[in-house]
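Sequences listed follow chains E and L, in order. The numbering of the first sequence is my numbering, which starts it at 121 and goes up by one. The numbering of the second sequence is my numbering, which starts it at 121 and goes up by one. Every residue gets a Cβ at the ideal spot worked out from N, C-alpha and C, and that includes glycine.
Protein chains: 2
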Amino acid sequence: MSNIKRFSVIYSLTGAEKDAMQKAKDICVEQTIEFPVDLVKNEYIKSNIVGRVESFKKSGKKHIAEISYLNDTAGGEFTQFLNVVFGNSSIKPGIRVEKIIPSKEIFNIVKGPRFGAAGIRGLTGIYNRPLLCSALKPMGLSVKELADMAYKFALGGIDIIKDDHGLANQPFSPFEKRVEAVCKAVKKANRETGNKTLYAPNITADAFNTVKRAKFAKLSGAGCLIISPGLAGLETMRAIAEDASISLPLFYHPAFHGSYVVNKDSGISHYAFFGQLMRLNGADAVIFPNYGGRFSFSKDECAQVAAGCRDVFGGLKPILPGPGGGMTMRRIPEIKKFYGADAVFLMGGGLFAEGPDITANCKKFRELVG
Amino acid sequence: MSNIKRFSVIYSLTGAEKDAMQKAKDICVEQTIEFPVDLVKNEYIKSNIVGRVESFKKSGKKHIAEISYLNDTAGGEFTQFLNVVFGNSSIKPGIRVEKIIPSKEIFNIVKGPRFGAAGIRGLTGIYNRPLLCSALKPMGLSVKELADMAYKFALGGIDIIKDDHGLANQPFSPFEKRVEAVCKAVKKANRETGNKTLYAPNITADAFNTVKRAKFAKLSGAGCLIISPGLAGLETMRAIAEDASISLPLFYHPAFHGSYVVNKDSGISHYAFFGQLMRLNGADAVIFPNYGGRFSFSKDECAQVAAGCRDVFGGLKPILPGPGGGMTMRRIPEIKKFYGADAVFLMGGGLFAEGPDITANCKKFRELVG
Numbered sequence: 121m122s123n124i125k126r127f128s129v130i131y132s133l134t135g136a137e138k139d140a141m142q143k144a145k146d147i148c149v150e151q152t153i154e155f156p157v158d159l160v161k162n163e164y165i166k167s168n169i170v171g172r173v174e175s176f177k178k179s180g181k182k183h184i185a186e187i188s189y190l191n192d193t194a195g196g197e198f199t200q201f202l203n204v205v206f207g208n209s210s211i212k213p214g215i216r217v218e219k220i221i222p223s224k225e226i227f228n229i230v231k232g233p234r235f236g237a238a239g240i241r242g243l244t245g246i247y248n249r250p251l252l253c254s255a256l257k258p259m260g261l262s263v264k265e266l267a268d269m270a271y272k273f274a275l276g277g278i279d280i281i282k283d284d285h286g287l288a289n290q291p292f293s294p295f296e297k298r299v300e301a302v303c304k305a306v307k308k309a310n311r312e313t314g315n316k317t318l319y320a321p322n323i324t325a326d327a328f329n330t331v332k333r334a335k336f337a338k339l340s341g342a343g344c345l346i347i348s349p350g351l352a353g354l355e356t357m358r359a360i361a362e363d364a365s366i367s368l369p370l371f372y373h374p375a376f377h378g379s380y381v382v383n384k385d386s387g388i389s390h391y392a393f394f395g396q397l398m399r400l401n402g403a404d405a406v407i408f409p410n411y412g413g414r415f416s417f418s419k420d421e422c423a424q425v426a427a428g429c430r431d432v433f434g435g436l437k438p439i440l441p442g443p444g445g446g447m448t449m450r451r452i453p454e455i456k457k458f459y460g461a462d463a464v465f466l467m468g469g470g471l472f473a474e475g476p477d478i479t480a481n482c483k484k485f486r487e488l489v490g
Numbered sequence: 121m122s123n124i125k126r127f128s129v130i131y132s133l134t135g136a137e138k139d140a141m142q143k144a145k146d147i148c149v150e151q152t153i154e155f156p157v158d159l160v161k162n163e164y165i166k167s168n169i170v171g172r173v174e175s176f177k178k179s180g181k182k183h184i185a186e187i188s189y190l191n192d193t194a195g196g197e198f199t200q201f202l203n204v205v206f207g208n209s210s211i212k213p214g215i216r217v218e219k220i221i222p223s224k225e226i227f228n229i230v231k232g233p234r235f236g237a238a239g240i241r242g243l244t245g246i247y248n249r250p251l252l253c254s255a256l257k258p259m260g261l262s263v264k265e266l267a268d269m270a271y272k273f274a275l276g277g278i279d280i281i282k283d284d285h286g287l288a289n290q291p292f293s294p295f296e297k298r299v300e301a302v303c304k305a306v307k308k309a310n311r312e313t314g315n316k317t318l319y320a321p322n323i324t325a326d327a328f329n330t331v332k333r334a335k336f337a338k339l340s341g342a343g344c345l346i347i348s349p350g351l352a353g354l355e356t357m358r359a360i361a362e363d364a365s366i367s368l369p370l371f372y373h374p375a376f377h378g379s380y381v382v383n384k385d386s387g388i389s390h391y392a393f394f395g396q397l398m399r400l401n402g403a404d405a406v407i408f409p410n411y412g413g414r415f416s417f418s419k420d421e422c423a424q425v426a427a428g429c430r431d432v433f434g435g436l437k438p439i440l441p442g443p444g445g446g447m448t449m450r451r452i453p454e455i456k457k458f459y460g461a462d463a464v465f466l467m468g469g470g471l472f473a474e475g476p477d478i479t480a481n482c483k484k485f486r487e488l489v490g
């Protein structure tokens, strides 16, 4: 009964049983009252506001604790919800958030993905295979060169053409000029192919300009957006996701966010961070480093990202996992088998390594994806 | 000569010399063009935009590389600067940002701390000793109880009274009512003592409401502000720091930011994260967990935070390190010796553990600080 008013978090904890249990008890206090419990006189605070260890068990070399918190500790705000989930405990080693179990009231704080996997499929008109994505790069090319590249990508059948996450508003290719030119190039290619290729400009900037760029991209005819909330802020991303006047699918990029996941005994799990947290925060697709490329994510960690994107999670729409980073043609069959159809495959440099004819390379990519 | 147009970053890298050198070379590409260098035809991109290893040497068990980047890669934006410093490399284990060496052009992007250590001292009128800080808590108390506590703190000589970082806008003590009541209580105490105690409400919320709360706090007579940019966003914090209509000292809180520092071989050093990055981002004081408390920071790491707050850093004002977390009366002499006078000491629960008379406890704290 009392659980109706509580949400919970599953943490993995390092150390022997006694130490791990002490960690769990400490989390209950650290994440809520941050105050010596024996000095608290108010019974309501002691028995309701302090977190509760709901379960505790051994799991491999670690222990797993489910800790519940009163909904009111989050005060109806997503920032304070995250603060209760992992504010101060993020500073302690040996504590990792494995899974978030929001209550109905917590789900009600956010709107979640506006489009989700199905919405992106609807916009591209592709329903039965993984979507193809590539990135405009390298940084340093001119607006004209990037627009030409986008045109070639689109002719070759790429479904989503994104700015490399390092393209911001540099003098080589200023944001507004780039967005206008690439939108135009993709539109031209779409007229020729009959496809519905979408262009995702990178809107990452300071709090004010991120919103401004999202609106500019919308007006210019961009089909979706890419954002790195590690830089622009989770809340700025969520504000854009929830802004009906923008209403474009949001592709999440993990720049500056790696520190949350890169160590296995601390931070937040791949499942909770890339899947649950980004869905709560309004992502429609999540770009992340694929296993076997130049990053270090394991196969299991990538499967966890995909599961976090797709698992039933309140009423939030499933979203598309977007593995990328060192993807090559020869790996496509294996990767397709691993992720299945409901994903977006991002090939950047690997697409250029095939030879000078970019459009031909894209067509090969498309054939391999099937 | 060419370095005038470049900034640089010092990374520590794990692995044997050969592996560490490969990591350094990979960073040069990963943080800029993210593209196979041998496929780049443009000579300017190859020789200027790709990062450069300026130095490489062994240091203990790791290697240290200084890598420089063209100013233009940041395109005059702080978000893109951070992206070049550590965007994708944050996702790779064994790479840690040790120190940031901005160029003049990068420093020009930000305004930095508006008040700094000297500005906070000017507002409090305390010039020759560490400042005393305590936190209104635990979460769950009513507005009246928190205001009474603030009054007692102020009577006892606390210089900065902050909201606990877990006080947001919960039903037990809604933001606006709390801020008005605590401002009034502190003002009353100041009239009685002749002191200039400052109250720092916690403004952390979503992107829109954080700014709104900062303005409400200003109008209500708050003397400074506390913010957790791990939740509200670095850019939202910076926007508030740079907003002349708000113009209040900003206390940084590390909630949800611990993952950046908690592992020694990845993330960002205590020096660069709490010191350099937060100064660039407009903090006037930085709250962080003291050594020997319930967190795990070492003495050396705490010394690094203090150095990052105080070292000459472009033209940016030095700011106050604010050690806290498990601080007790008996440790004050040692802590004072360690940090010296230019710091703000945060005692929360430890202040209550001394006995039921809070004002007397504050006076004891004040006496020990000297």
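Three-state secondary structure assigned by DSSP to residue i
i	result
L:Glu-154	coil
E:Glu-362	coil
E:Lys-125	helix
E:Leu-397	helix
E:Glu-474	coil
E:Lys-161	coil
L:Arg-172	strand
L:Phe-235	coil
E:Tyr-247	coil
E:Leu-275	helix
L:Phe-371	strand
E:Gly-242	helix
L:Val-217	strand
E:Ile-388	strand
L:Ile-229	coil
E:Ser-348	coil
L:Ala-144	helix
E:Glu-186	strand
E:Ile-323	coil
L:Leu-287	coil
L:Lys-264	helix
E:Ala-136	coil
E:Ser-167	helix
L:Lys-212	coil
L:Ser-254	strand
E:Ser-379	helix
Same chain, Cβ closer than 6 Å to residue i, five either side skipped, listed in chain order
i	result
E:Phe-417	Pro-409 and Tyr-411
E:Gln-424	His-390 and Tyr-391
Neighbourhood of residue i by C-beta, 8 Å cutoff - its chain only, sequence neighbours within 5 removed
i	result
L:Asp-284	Ala-255, Leu-256, Lys-257, Pro-258, Met-259, Asn-322 and Gly-468
E:Gln-396	Lys-219, Ile-220, Gly-428 and Phe-433
L:Phe-415	Pro-409, Gly-445 and Gly-446
L:Ala-144	Tyr-131, Leu-133, Val-173, Phe-176, His-183, Ala-185 and Ile-187
Whole-number beta carbon distance between residue j and residue i, since they are thought to touch under 8 Å
i	j	result
E:Leu-370	L:Leu-351	Between L:Leu-351 and E:Leu-370 the Cβ distance is about 19 Å, and since that is not below 8 Å, they are no contact.
E:Ser-209	E:Gln-151	6 Å
E:Ser-379	L:Gly-343	About 33 Å separates the two Cβ atoms, so there is no contact after all.
L:Ser-128	L:Glu-186	5 Å
L:Glu-362	L:Gly-402	6 Å
Any non-hydrogen atom of the ligand MN closer than 7 Å to residue i Cβ
i	result
L:Glu-265	This structure simply doesn't include the ligand MN, nor any ligand for that matter.
Beta-carbon proximity list for residue i, same chain, < 7 Å, skipping 5 on both sides
i	result
E:Gly-236	Asp-404, Lys-437, Pro-438 and Ile-439
E:Thr-479	Lys-272, Leu-275 and Gly-276
E:Gly-286	Met-259
E:Ala-375	His-285, Ser-348, Gly-350 and Leu-351
Within 8 Å of chain E by C-beta, residues of the region 352-380 of chain L in sequence order = Result list: Ala-352, Gly-353, Leu-354, Glu-355, Thr-356, Arg-358, Ala-359, Pro-374, Ala-375, Phe-376, His-377, Gly-378, Ser-379 and Tyr-380.
Closer than 7 Å, Cβ to any Cβ of chain E: which residues of the region 160-177 of chain L, in chain order?
-> Val-160, Asn-162, Tyr-164, Ile-165 and Ile-169
Complete runs of the alpha helix (DSSP H) confined to the region 398-471 of chain E [at least 4 residues] | Here the runs fully enclosed are 419-430 and 452-459.
Between the region 326-353 of chain L and chain E, which residues of the former have a C-beta closer than 9 Å to a C-beta of the latter?
-> Under the 9 Å Cβ criterion, the region 326-353 of chain L contributes Asp-326, Ala-327, Phe-328, Asn-329, Thr-330, Val-331, Ser-348, Pro-349, Gly-350, Leu-351, Ala-352 and Gly-353.
Residues of the region 245-276 of chain E with Cβ closer than 9 Å to any Cβ of chain L, in chain order | Contact annotation: in the region 245-276 of chain E, residues whose CB is within less than 9 Å of a CB in chain L are Ala-255, Lys-257, Pro-258, Met-259, Gly-260, Leu-261 and Glu-265.
According to a CB-to-CB cut-off of less than 8 Å, which residues of the region 280-295 of chain E neighbour chain L?
-> Asp-284, His-285, Gly-286, Ala-288, Asn-289, Gln-290, Pro-291 and Phe-292
Using a Cβ-Cβ cut-off of less than 8 Å, give me the residues of the region 385-416 of chain E that come near chain L, in sequence order.
-> Listed by position, the residues of the region 385-416 of chain E near chain L (Cβ gap below 8 Å) are Ser-386, Gly-387, Ile-388, Pro-409, Arg-414, Phe-415 and Ser-416.
Which residues, taken in chain order from the region 454-469 of chain E, show a beta carbon closer than 9 Å to some beta carbon of chain L?
-> Gly-468 and Gly-469
Could you run through the region 200-222 of chain L and flag, in chain order, every residue whose CB is less than 7 Å away from some CB of chain E?
-> Gln-200, Leu-202, Asn-203, Phe-206, Gly-207, Asn-208, Ser-210, Ile-211, Lys-212 and Pro-213
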